[in-house]
Amino acid sequence: MAKMTETKSDVLIVGGGPVGLYLGCLLAQKGIECCILERRTERSLHSRSIGIHPPALRSLEKIGLAESVSSKAVVIENGLVFDGPTFLGKLSFSDCPPPFQHVLSIPQFETEALLVARFNELAPGRLHTGVFAKTIEQESNGVALTTEDDQVFRAQYVAICDGARSGLRTQLGIPVGSGDYPVSYLMGDFADTTTFASDAAIFLSKDGVVESFPLPDGQRRWVVLTDSVNESSQMLCDTIRSRTGHEIDHETCSMTSLFSPSHVLVETMHQGRVLLAGDAAHVVSPIGGQGMNLGWLDAVEAAQAMAGALERPESQEALFRGYSKSRRNAARSARRRAEFNMWMGLAGLLHGIKRVAARTILRRPLSTYFARMFTMQT
35 MAKMTETKSD VLIVGGGPVG LYLGCLLAQK GIECCILERR TERSLHSRSI GIHPPALRSL
95 EKIGLAESVS SKAVVIENGL VFDGPTFLGK LSFSDCPPPF QHVLSIPQFE TEALLVARFN
155 ELAPGRLHTG VFAKTIEQES NGVALTTEDD QVFRAQYVAI CDGARSGLRT QLGIPVGSGD
215 YPVSYLMGDF ADTTTFASDA AIFLSKDGVV ESFPLPDGQR RWVVLTDSVN ESSQMLCDTI
275 RSRTGHEIDH ETCSMTSLFS PSHVLVETMH QGRVLLAGDA AHVVSPIGGQ GMNLGWLDAV
335 EAAQAMAGAL ERPESQEALF RGYSKSRRNA ARSARRRAEF NMWMGLAGLL HGIKRVAART
395 ILRRPLSTYF ARMFTMQT
């Protein structure tokens, strides 16, 4: 039998994805001793979440990563809007507050690699991979977490950032509200054969929306509303061609993914000495690309709450309760934005109304408001 070991820190973070890593960087930068436990030993090389909105970019600036992330990303300054193949107009993010008047597009694995490197600089040896958190127990003066191989990690406070299927959230008995949307989308990454360069493009269609976003290295992501369970790249290319007129070579496809959006929100984002952040606390539809950004903004407030609780233990309950209220409200706002984005892209008889709405949105002063809304700044 392996000898049981015990590790102590001020804060323990469960989950070493983008949210947990970013929270770890914030805490370490404040001089707070923290550990991150990550179940995986290898990271996915699929692009996954690609969009970084201005509020999140400002957050990355706090840990000195805004410049390095930007250097590896495509800078999106405009969203082109079409009705089928017909150009309706352009939504410019230059109407957003400076200095970040754009959205970045970068594969999630690239972002994670930069976060791992930064955390290792700030807290060498404190990222533990291949570690599965099995049980959690709150004590009068801290929290004890036991791993699958019987290691014990103790901390004053714990942040659960282990994703939408969080086992620790279930173990703590935190109630969750959730629901599914009756729509499906198919997305894929291909060689970019358009003339859009670094612009994003949205195609409204009576048959359903098509979205298109640039990626680094001459790639482009395409997303279509679909009622098919066919996940083939050929089917995706056929749908793109029929709705937009664009010819995409299915043989250049590097990945496809069929998904049906859902929404999740916990009834509270804290319990005792434990905070929840990211997908462990809330899930919104991926349409609009808010999820990872929302988790980073959770982390900013979580770091503030935990730092305050470590400095003033008597204020811990009030700080954590305030965090929960603030971030649940932010998650509700993100859900409403995502639902508007989905509604605009639905198929059906309202297509003509949506076309008129799109033309209206593209005119000032509404264009300024919607540029900010689509970039999580309302």
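So the sequence shown is numbered by my numbering: it starts at 35 and just counts up by one.
Virtual Cβ for every residue (Gly too), placed ideally from N, Cα, C.
Closest to Ala209 by CA distance: which of Ser174, Thr302, Gly176 and Pro133 is it?
A quick correction: the sequence has Pro, not Ala, at residue 209. Of Ser174, Thr302, Gly176 and Pro133, the residue nearest in Cα terms is Thr302.
Rounded to whole angstroms, what is the Cα-Cα separation between Glu182 and Thr39?
Each residue's Cα considered, the two are about 12 Å apart.
Considering Ile236, what are the terminal residues of the beta strand (DSSP E) in which it resides?
Ala234 to Leu238
Report buried or exposed for Ile282, applying the criterion of at least 16 other Cβ atoms within 10 angstroms of its Cβ.
buried
Distance, Cα to Cα, Met35 vs Gln205?
Per-residue confidence for Met35 stands at a pLDDT of 43, beneath the threshold of 50, marking its modelled position as unreliable; the derived number appears in the next sentence. Roughly 26 Å separates the two Cα atoms.
Mind checking which residues open and close the beta strand (DSSP E) that includes Phe354?
Counting along the chain, Phe354 falls outside any beta strand (DSSP E), though it belongs to the alpha helix (DSSP H) covering Gln350 to Met378.
Let me make sure I understand the geometry here. Which of Val53, Thr409, Ser43 and Thr286 has the alpha-carbon closest to that of Glu67?
Ser43
My output table needs one value for Glu111: the three-state DSSP class, helix, strand or coil.
coil
Which value, in whole angstroms, describes the spacing of the CA atoms of Asp184 and Arg73?
14 Å
Just verifying my parser: in three-state terms, what is the DSSP assignment at Pro248?
strand
My output table needs one value for Tyr215: the three-state DSSP class, helix, strand or coil.
When secondary structure is reduced to three states using DSSP, Tyr215 falls in the coil class, being assigned neither helix nor strand.
Distance check for Gln253 and Thr394, CA to CA, integer angstroms please.
31 Å
Our contact map puts Phe230 next to Ser218 with C-beta atoms below 8 Å; I'd like the distance itself, whole angstroms only.
The Cβ separation is near 25 Å, so there is no contact.
With H, G and I counted as helix, E and B as strand and the rest as coil, what does DSSP make of Cys104?
One detail in the question is off: residue 104 reads as Ser in this sequence, not Cys. In the three-state reduction of the DSSP assignment, Ser104 falls in the helix class.
Along the chain, where does the alpha helix (DSSP H) that runs through Leu396 open and close?
Note, Leu396: premise wrong, no alpha helix (DSSP H); not H, not E.
Would you kindly work out how many angstroms separate the C-alpha atoms of Gln190 and Arg307, rounded to a whole number?
7 Å
To the nearest angstrom, how far is the alpha carbon of Leu122 from that of Val192?
49 Å
Under a three-way DSSP split, which group does Phe134 fall into?
In the three-state reduction of the DSSP assignment, Phe134 falls in the coil class.
Out of Asn363, Ile70 and Ala167, which has the shortest C-alpha to C-alpha gap to Asn154?
Nearest C-alpha to Asn154: Ile70.
Given Ala405, which residues of its chain have a CB within under 6 Å of its CB, disregarding the five upstream and five downstream residues?
Here the set comprises Leu125, Phe127, Asp129 and Cys130.
Terminal residues of the continuous alpha helix (DSSP H) containing Phe153?
From DSSP, the alpha helix (DSSP H) with Phe153 extends over Gln142 to Leu156.
By Cβ distance below 7 Å, which residues in the same chain neighbour Ser349 in space, the five residues on each side in sequence not counted?
Gly342 and Ala343
In this structure, how does DSSP classify Pro289 when only helix, strand and coil are distinguished?
The sequence shown places Met at residue 289, not Pro. DSSP, read as helix, strand or coil, puts Met289 in strand.
Please say whether Ile140 and Ala90 have beta carbons closer to each other than 7 Å?
no
In three-state terms, what does DSSP make of Arg406?
helix
Quick check on DSSP: helix, strand or coil for Arg203?
Correct three-state label for Arg203: helix.
Out of curiosity, what's the CA-to-CA distance linking Asp241 and Gly312?
33 Å
Pick helix, strand or coil for Leu46, following the three-state DSSP scheme.
Strand, per DSSP.
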